[in-house]
Every structure is written in structure tokens, then in C-alpha cells.
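The sequence shown begins at 1 in full-length UniProt numbering and counts up by one.
We put the CB at the ideal spot given by N, CA and C, even for glycine.
The next block holds one structure in the form of C-alpha cells; read it before the comments.
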Amino acid sequence: MMERVEKWWRNAVGYQINLKSFFDSNNDGKGDLKGVIDKIPYIKNLGVDFVWLSPFYSSPDYDNGYDVSDFLSVGSDFGSMDDFNNLVEMLHENNIRIIIDLVLNHTSSQHEWFKESKKGEESKYYDYYFWENPKNGGGPPNNWESFFGGSVWTFDEKLEKYYFHSFSKYQPDLNWNNEAVRHEIRNIIDWWVEKGVDGFRIDAATHLKKEDWEYDNSENKWGAFTNVPGLNNYLDELKIAYGKHNLYIVGEAGGINVNEAKYWMEEKEYFNSIFDLDHIYKIGIPGFEKGDISRLKSSLVEWQEKLNDSMSHGIYLENHDTPRSISIFGDETPQCAKALATLLIGLSGTCFVYQGEEIGMTNYNFTKNSELLTEDSKNKYSSLLSRNIPEPVALKIAGRWARDHSRTTMQWDNSINGGFSKTHCLPLLTNSNYQSINVTSQITDKSSILNYYRFLIQLRHEEEILHEGKFVNLDKYSQDIFFFSRETEEGAILFLINLRNFEVSYTPFKEFFLSKYEVISPDTNKVDFTNRRITIDPYEIIILKTNFKND
Ligand code: NOJ
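So this is what it looks like as C-alpha cells:
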């Protein structure tokens with residue numbers, strides 16, 4: 001076990017691994033734990049401080065493993081408990097920490113607790129879930145909609161009752177009102193802490209508490225199970241459960257605002273970091289959506305400024321639920337990937353690189369509906385067809401902003417399946433551009449996206465200013481560029497990034513005396529602030545450093 005150093009996560013860089021699509025060591029078509037072990041040298045070379053491993057538990061896999069059928073196990077497709085123990089040990093030997101996903105809001109419908117619960121009120125597990133009688137002659141208890149589309153209620157023929165699920169029908173929600181459930185959760189936490197993990201990512205943390213079934217959700221569709229009063233009582237209990245181990249806890253907190261996040265992180269200390277969903281915002285008509293750069297900026301700036309004191313906000317541009325960032329925020333060029341990387345790693349907080357982001361992996365081009373593999377995309381596609389939308393249009397709409405894009409296999413080299421697996425019948429998708437976008441081709445190319453990530457991560461580690469420096473927004477008006485600094489009493493590092501594929505010219509609100517700055521971005525060959533007017537090329541990046549003692 002690695003020493004539980006105080007606040008090691010502050011300003012650390014994490015690498016998120018979606019196990020199923022990372023590396024398949026036994027060529028059965030699915031990524032596995034041994035595959036991660038094989039790639040430790042790569043992860044180490046990237047320079048990250050820790051990995052976040054997506055669910056690896058036993059699961060029927062209706063939702064990428066977020067439908068857990070046994071919390072204390074390793075799914076046989078992923079390997080064995082010995083593999084997990086070895087992975088933790090070997091990561092630690094390499095000075096890399098590991099956090100794992102904890103899915104506490106729901107279980108799989110195949111979990112023993114749910115199977116037992118279905119036996120009826122006499123079962124000890126009946127109250128582990130939410131069961132309700134039909135209403136109005138057989139209908140569901142209310143009209144709430146689930147995150148994956150359709151009702152939150154599914155009828156069980158045998159029990160003649162409905163059960164509640166915020167996500168798919170294969171993921172019944174746990175009843176946190178029940179102390180026995182909370183007791184089980186505490187056991188699960190202790191079990192994995194014993195195994196030496198360094199922290200957890202808490203899935204769906206804002207949804208653990210539900211409103212009364214009579215709640216009227218017409219004003220806020222998700223209000224019935226998002227940050228519902230009383231949730232804090234559960235989070236208080238969780239805090240006690242992890243608190244005794246000095247773990248890093250990052251909460252997925254969809255639907256909360258920055259003031260609530262501040263309260264949760266700084267006052268209540270429920271989480272060390274929070275993943276908010278505010279900055280990944282789409283605009284445009286269905287089928288042609290893009291990420292909203294202005295919102296990206298305003299949201300990131302607001303969260304950075306308000307969370308400046310904790311300095312460990314969870315920063316990400318991609319994860320297993322988002323499309324690829326260079327496809328939605330940019331034009332898929334390497335320069336655009338580098339501009340986004342600079343933003344990600346320059347900001348203050350604990351930042352997360354998602355597998356493949358570091359080589360500029362792009363969205364997938366769906367050509368048939370059978371390529372949509374996630375529950376929500378499939379549901380969206382069927383619901384469009386049921387509204388008489390023609391198939392190609394439905395595919396375009398359902399596939400445009402789908403999380404399926406981030407689930408394609410990691411592109412390691414230009415061999416079959418991009419080097420992910422040698423199998424000829426892959427159950428996952430590989431993007432056809434693996435021939436040109438892959439790890440092997442970028443490792444030796446000094447100007448590759450991958451090597452630029454390595455440069456940025458190293459910079460973050462080596463520059464004291466990037467450990468302690470507060471975020472200062474240096475531009476309040478531009479919708480196109482990010483101009484911010486990280487500052488301590490000693491000095492500042494300035495980041496000027498054009499996030500557009502056109503040249504941008506603008507006047508900063510104050511004058512910068514360039515003679516006092518050292519250029520540290522590797523590809524910058526000109527810095528022209530003539531007459532206070534700055535002109536920067538498409539996706540240009542300028543990183544400058546100054547020492548206040550020279551003033
Ligand atoms: C959030 C996870 O990130 C997502 O992938 C999953 O589908 C839901 N929670 C349900 O667990």
C-alpha cells in the first residue's frame with residue numbers, strides 16, 4: 001500500500017481507463033486488468049500521478065459495468081482478484097496511485113440483493129430497493145422519466161409491483177433510507193480500502209436521495225432525484241466511512257451549481273474533487289451539435305474562480321460519457337488537440353486525461369444502427385424511429401452526441417483493431433482512423449500530441465506556480481480565446497489559447513511587458529503584442545512565465 005500522503009491529489013494528473021476498451025491481453029475481444037498491467041510502462045511514461053479505473057466488477061454489462069451484480073468481485077471478463085491485487089501493487093511500485101469507481105446509487109437487476117428482493121415483503125432484501133403498487137388501474141406510480149429514456153418504473157409481473165430506476169431498467173436504485181443498505185455500502189468501501197486503493201470516484205453521487213413519489217417534476221425533469229433535501233445526511237455518513245482512511249474522493253455531481261459544489265467540497269468536505277457537467281454543453285440543431293466554446297469558457301472560469309481556495313476541482317474535457325473533445329469543440333487537427341490539452345492541464349485542480357485523448361482520438365462515424373452500443377443511444381434511436389423519423393436521420397441524430405464515441409477501442413498501433421486485441425470478432429468498435437492516429441506513431445514523433453501531453457504534465461509537476469498558483473482570468477470578453485494565469489506571490493504562468501480555427505485579434509485589458517516574460521510553450525516562435533493588440537493564429541498556444549521578483 002502506498003503511503004496515504006495528505007492531499008496528494010491537489011494538482012495531480014489522473015488518467016481515466018475505460019477497462020473494456022483499453023487493452024485486451026488475452027484476445028477475447030474485451031479489455032482486462034492484465035491489459036492495464038501490460039500498459040503500465042506507457043502510463044508511467046505519460047507521467048500521470050494516478051489512474052481512475054472504470055467498473056471492473058461482475059456485471060451483465062448493460063451499462064459498461066455500471067450495473068454491478070457483485071460489488072466485492074472482479075468480473076470474469078476482466079480477470080481475477082489476483083489480477084486486481086497485482087495491478088494495485090504494480091501501479092504503486094511505479095509510484096502511480098489508483099482510484100476506482102463506486103456505483104452506490106443502484107445495482108444490476110442480476111445482483112443477488114435484487115433477486116432476493118423480488119421474492120416479496122418477507123425477504124430481508126425487499127426494502128433494499130423501491131417497490132410500489134400500480135396506480136390508476138395498473139399504471140406506474142408517477143410520470144417521472146429516467147435518464148436513459150422511458151419511465152423510472154418497471155413492472156415486475158411476479159410481484160405485481162413496480163420498481164424504481166433512475167437509469168435503465170437493468171439498474172434498480174438502492175433504497176438509501178434503509179440503514180441495512182448503508183451498512184452494506186460501508187462494508188464495500190472498507191473491502192476495497194483494504195485492497196490498497198487510494199480513493200474512489202463516486203458514481204451518480206447527486207441522485208442517491210429521491211423525492212416523495214407525489215413530487216411534481218414539471219419544472220425540473222430531474223429534480224425528483226437530483227440533490228434532493230436529505231441527501232446531505234447520506235453524504236455525511238459516507239464522509240465518515242472514507243474519512244478514517246485519508247482517501248481521495250471525487251464525486252460525480254450532475255445537476256449541482258458551483259455554490260453547492262463549493263459548500264460540499266470546502267465546508268462539508270464530502271468530496272475532494274467534484275466532476276460537474278456544466279461546461280460540456282452542446283449547441284446546434286439535432287444531428288449537428290457542437291460543444292459551446294463560450295459556455296466552456298464562462299463555466300470553467302466561474303468554477304475556477306469560485307473554487308480557487310480548494311484547488312482540487314475535477315477538471316476534464318472527456319470521459320467515458322462524452323463524445324471526443326477535439327470533435328465537438330474543435331476541428332480534429334493535432335493543433336486543436338494541443339490547444340485543448342493546454343487548457344485542461346493549465347487550469348487549477350485535479351485534472352483527468354481520458355484514454356485516447358492524449359493521442360487525439362476522434363468521434364466515430366456511425367454508418368449503421370447496430371453500431372450504437374449504449375442503452376441510451378439505442379433508446380434514443382428507437383424513439384426517433386417511433387416518431388417516423390427516417391432511419392439515416394435517426395442514426396445521425398442519435399449518434400452525433402453519443403457516449404459511444406469514447407467507448408471505441410484504444411488505438412495503440414496500426415495492426416488489426418488498432419493493436420487493442422488480436423481477435424477477428426471484436427464486440428466493440430475501432431475507429432478506422434487508427435492507421436494514422438495511434439500511440440506507436442506518436443511516441444517517437446517529437447511534435448506529436450502525445451509528446452505535447454508529456455511536456456504539459458511534466459510542466460505541471462515541475463513548476464511550483466502550477467502547484468500552488470491561483471487561477472486568474474485575464475480576459476473577460478472574448479468568446480474565442482482563453483487567457484488566464486496561475487499566480488503565486490513569486491510569479492505567474494500565463495496561458496493564451498485560441499480555441500477557434502480562425503485567427504483572433506483582440507486587445508487585452510492591461511498591458512503586458514514582454515521583456516519580463518519567458519516563453520515556455522515549445523512551438524511558439526512569435527509573440528506579438530504590438531500596440532497592446534494581440535493576434536493569434538488558429539488554435540495557437542502561448543505559455544509565458546514571469547518572476548515577480550524581477551519587477
Ligand atoms: C454515470 C456514469 O458515468 C455513466 O456511465 C453511467 O451510465 C451512469 N452513471 C449510471 O451508473
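Less than 8 Å divides the Cβ of valine 504 from the Cβ of isoleucine 536. When the beta-carbon positions are compared, tryptophan 176 and lysine 209 come within less than 8 Å of each other. Membership of tyrosine 242 in the alpha helix (DSSP H) is indicated by the continuous run 231-243. Cβ-Cβ distances below 6 Å link leucine 494 to Ser485, Leu544 in the same chain, with the five nearest sequence neighbours on each side left out; the list follows chain order. Under the DSSP assignment, glutamine 171 falls outside any beta strand (DSSP E); it carries neither an H nor an E label.
Take the alpha-carbon of glycine 196 and the one of lysine 44: they are about 19 Å apart.
With a beta-carbon spacing of about 5 Å, glutamate 266 and serine 310 fall inside the 8 Å limit used to define contacts. DSSP assignment within the segment 442-469 yields the following whole alpha helix (DSSP H) runs of 4 residues or more, N-terminal first: 449-462, 464-468.
In the DSSP annotation of this structure, the continuous segment of the alpha helix (DSSP H) that includes cysteine 336 starts and ends at 334-346. With respect to glycine 314, phenylalanine 352 sits close: the two C-beta atoms are nearer than 8 Å.
When C-beta atoms of the segment 133-140 are compared with those of the segment 73-83, fewer than three pairs fall below 8 Å, so the two segments do not count as touching. Within the segment 47-116, the runs of beta strand (DSSP E) that reach at least 3 residues and sit entirely inside it are, in chain order, 50-53, 97-103. In the structure shown, alanine 204 falls within a coil segment according to DSSP collapsed to helix, strand and coil. Comparing alpha carbon positions, the residue from Glu214, Tyr263, Leu231, Ala205 closest to isoleucine 249 is Ala205. Counting along the chain, glutamate 487 sits inside the beta strand (DSSP E) bounded by residues 481-487.
Apart from the 5 residues on each side of it in sequence, aspartate 376 sits with its Cβ closer than 6 Å to the Cβ of Phe148 in its chain, given in chain order. Per DSSP, reduced to three states, the secondary structure at valine 519 is strand.
Your pair threonine 322 and serine 406 checks out as a contact, with CB atoms roughly 6 Å apart and the cut at 8 Å. Threonine 440 carries a helical assignment under DSSP once its states are collapsed to helix, strand and coil.
Taking glutamate 511 as the centre and dropping the five residues before and after it, the same chain places the C-beta of Arg532 closer than 6 Å to its C-beta, in chain order.
Comparing C-alpha distances from serine 166 to each of Trp213, Arg97, His92 shows the shortest one belongs to Trp213. With a cut-off of 7 Å, the C-beta of aspartate 309 is classified as distant from the ligand NOJ, since no heavy atom of the ligand falls inside that distance. Contact check for isoleucine 99 and phenylalanine 50: beta-carbon distance about 6 Å, within the 8 Å limit, so the pair qualifies. In terms of side-chain proximity, the C-beta atom of alanine 204 is found nearer than 7 Å to a non-hydrogen atom of the ligand NOJ. Remark: fewer than three beta-carbon pairs, one from each stretch, lie closer than 8 Å, so the segment 67-74 and the segment 121-129 are not flagged as touching. In this structure, isoleucine 37 and methionine 90 form a Cβ contact; the two beta carbons are roughly 6 Å apart against a cut-off of 8 Å.
Straight-line measurement puts the Cα of glycine 254 at about 27 Å from the Cα of glutamate 6. If you compare the alpha carbons of Cys336, Ser312, Thr409, Ser386 with that of glutamine 355, the shortest gap goes to Thr409. Straight-line spacing of the CA atoms in leucine 33 and glycine 251 works out to 24 Å.
For glutamine 411 against isoleucine 437, the beta-carbon gap comes to about 6 Å, under 8 Å, which counts as contact.
Rounded to the nearest angstrom, the Cβ distance from phenylalanine 509 to leucine 496 is 13 Å, too far for a contact under 8 Å. Using a Cβ distance threshold of 8 Å, lysine 161 and glutamate 132 count as a contacting pair.
Excluding five sequence positions before and after serine 151, the CB atoms of its chain that fall closer than 6 Å to its own CB belong to Pro140, given in chain order. Each residue's CA atom was taken as its position, placing phenylalanine 329 and proline 522 some 23 Å apart.
For aspartate 404, the shortest separation between its Cβ and any heavy atom of the ligand NOJ does not lie below 7 Å. Secondary structure at tryptophan 191: helix, using DSSP grouped into helix, strand and coil.
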